[in-house]
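Beneath this line is the structure, given in structure tokens, with notes to follow.
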Amino acid sequence: MSPGRSIQLTRGTFLLSTAIKLKNNVTLSGSGSSSVIRRDLRAKPFANLIQIHGTDREPIEGVTVRNLLLDAGFPYSGVKGAGIPGGTLDIALARNITVEDVTSLYGKSYAFEICRSQNVYIIRTYADYAGNDLYSVTDNAHPLGRTGASESVNIYFIDAVAGPNVAESGFEVDDGPSFVWYIRTQADSIMSLHAHPGQKVPHHITYSQVIARKGIGVFAADDGLEKTHHVVIEDSYIGGAKGTRLQVRYADNVTVRGGQIINTSATHPNAGIELSSYNSSNILIDGVII
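Each residue of the sequence shown is one higher than the one before, counting from 749 in this note's numbering.
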């Protein structure tokens, strides 16, 4: 699609044999859930229904996607597989991007994925059925990722909802992003952050007024060489599903303020909050109902 255009989809189902690749300052709008973009099952499998991709030299800017239902059409097994990398709606090397009122179903690996991008707003979205994570922010684990990168900043999830049908996390941050905000998000699957071996840890992550029915995991780099740091969880409701809790492992400067944690841990029956022995420090817990 050419730069600077506005495209309005009518009601109906639109079959794709390859990804829609958006350009600078394009707005793609539908008519709500009655505007369905679906992968054509007769075509060779591909992961991205919508690509918002720039390059190292020229990041893409100013794209808006709204009022659509995306159906990638991959069977859901509940078991993580290698799959095809990338998200059903995939954002990489991008700036000033807005996605609002979009539903994503049956992704091969991810529903919404963001890589090496800045000032991205994911608003009033719903995702369910994916072979890895539903919402992912990463600077490494992506086809356009880079080892050791820490580039994604100012990523906002506002009133976004993650369903229960996912192989791993509902919301995940890994490998470098910072200043990621979850505001009034809801997850029926775990919310987590960590880093793969040799990668930068996420930091300055805020969970505000979230509902995390399967818990929140604040984890370090998998090799234990760097702590995740500056995490705030405020006025949030954590728990309700079997085996969930707030876990903090090898992290620094974590604040849990207000809200409620329901103790339903199967393995730690006395721990609504689990501060493990992985050398966490500077943990403040204030006014939380447990």
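The beta-carbon is built from N, C-alpha and C at its ideal position, and this holds for glycine as well.
Whose C-alpha, out of the options, is nearest the C-alpha of residue i?
{"i": "LEU817", "options": "GLY911, ASN773, GLY1006 and ASP849", "result": "ASP849"}
{"i": "VAL774", "options": "LEU764, ARG753 and THR873", "result": "ARG753"}
{"i": "TYR877", "options": "LEU757, VAL901, ASN867 and THR851", "result": "THR851"}
{"i": "THR846", "options": "PHE860, ILE871, THR954 and ASP838", "result": "ILE871"}
{"i": "ARG894", "options": "HIS944, SER779 and GLY965", "result": "HIS944"}
{"i": "ASP1000", "options": "GLY1007, LEU973, ASN1030 and ASP971", "result": "ASN1030"}
{"i": "TYR904", "options": "ALA889, HIS890 and ARG932", "result": "ARG932"}
{"i": "PRO950", "options": "VAL1004, ILE1037, ASN888 and GLY988", "result": "ASN888"}
{"i": "ARG843", "options": "GLY778, ASN772 and TRP929", "result": "ASN772"}
{"i": "HIS801", "options": "GLY972, ILE755 and GLY834", "result": "GLY834"}
{"i": "VAL811", "options": "LEU770, LYS792, LEU757 and GLY972", "result": "LEU770"}
{"i": "GLU899", "options": "LYS948, THR873, TYR930 and SER857", "result": "LYS948"}
{"i": "ARG961", "options": "LEU973, ASP838 and GLY918", "result": "GLY918"}
{"i": "SER1028", "options": "GLN756, LEU776 and VAL979", "result": "VAL979"}
{"i": "LEU841", "options": "LYS856, VAL813, ASP819 and ALA897", "result": "ALA897"}
{"i": "VAL928", "options": "ILE906, ASN913 and GLY946", "result": "ILE906"}
{"i": "GLY946", "options": "TYR930, GLU974 and TYR955", "result": "GLU974"}
{"i": "TYR869", "options": "TYR930, TYR955, ASN913 and ALA875", "result": "TYR930"}
{"i": "TYR985", "options": "GLY972, VAL1004, HIS977 and THR976", "result": "VAL1004"}
{"i": "ARG814", "options": "LEU776, ASP788, PRO793 and ALA908", "result": "LEU776"}
{"i": "ASP971", "options": "ASP788, ILE755, LYS856 and ASP923", "result": "ASP923"}
With a Cβ-Cβ cutoff of 8 Å, do residue i and residue j count as a contact?
{"i": "ASP936", "j": "GLN957", "result": "no"}
{"i": "CYS863", "j": "LEU892", "result": "yes"}
{"i": "TYR854", "j": "GLY821", "result": "yes"}
{"i": "THR761", "j": "ARG786", "result": "yes"}
{"i": "ASN902", "j": "GLN934", "result": "no"}
{"i": "ILE959", "j": "LEU941", "result": "no"}
{"i": "LEU1032", "j": "ILE1009", "result": "no"}
{"i": "ILE798", "j": "ALA767", "result": "yes"}
{"i": "GLY911", "j": "ILE938", "result": "no"}
{"i": "GLY965", "j": "ALA915", "result": "no"}
{"i": "ARG805", "j": "SER782", "result": "no"}
{"i": "VAL885", "j": "PRO925", "result": "yes"}
{"i": "VAL1036", "j": "GLY1006", "result": "yes"}
{"i": "GLU861", "j": "HIS890", "result": "yes"}
{"i": "TYR858", "j": "THR873", "result": "no"}
{"i": "SER765", "j": "ALA795", "result": "no"}
{"i": "ALA969", "j": "ARG997", "result": "no"}
{"i": "SER779", "j": "LEU763", "result": "no"}
{"i": "VAL784", "j": "ASP838", "result": "no"}
So residue i is in the beta strand (DSSP E); what residue range does that whole segment cover?
{"i": "ILE1010", "result": "No beta strand (DSSP E) contains ILE1010, which DSSP labels as neither H nor E."}
{"i": "SER754", "result": "754-756"}
{"i": "GLN799", "result": "798-801"}
{"i": "GLY972", "result": "No beta strand (DSSP E) holds GLY972; DSSP gives it neither H nor E."}
{"i": "PHE927", "result": "926-931"}
{"i": "ASP838", "result": "835-840"}
{"i": "GLU861", "result": "858-863"}
{"i": "ASP1034", "result": "1029-1034"}
{"i": "SER777", "result": "775-777"}
Bridge partners of residue i, per DSSP?
{"i": "SER852", "result": "LEU818 and ALA875"}
{"i": "THR761", "result": "VAL784"}
{"i": "PHE919", "result": "TYR883 and MET939"}
{"i": "GLY965", "result": "SER940 and GLN995"}
{"i": "ALA910", "result": "ALA875 and ALA935"}
{"i": "THR954", "result": "TRP929 and VAL980"}
{"i": "GLN866", "result": "ARG843 and VAL901"}
{"i": "TYR985", "result": "ILE959 and GLN1008"}
{"i": "THR812", "result": "THR775 and THR846"}
{"i": "VAL949", "result": "Its beta-bridge partners do not exist; DSSP assigns none."}
{"i": "LYS792", "result": "LYS792 pairs with nothing; no bridge assigned."}
{"i": "THR1003", "result": "VAL980 and LEU1032"}
Regarding residue i and the ligand FMN, is the C-beta to nearest heavy atom distance less than 7 Å?
{"i": "LEU973", "result": "Judged by which ligands are present, the structure shown has none, so any question about the ligand FMN falls away."}
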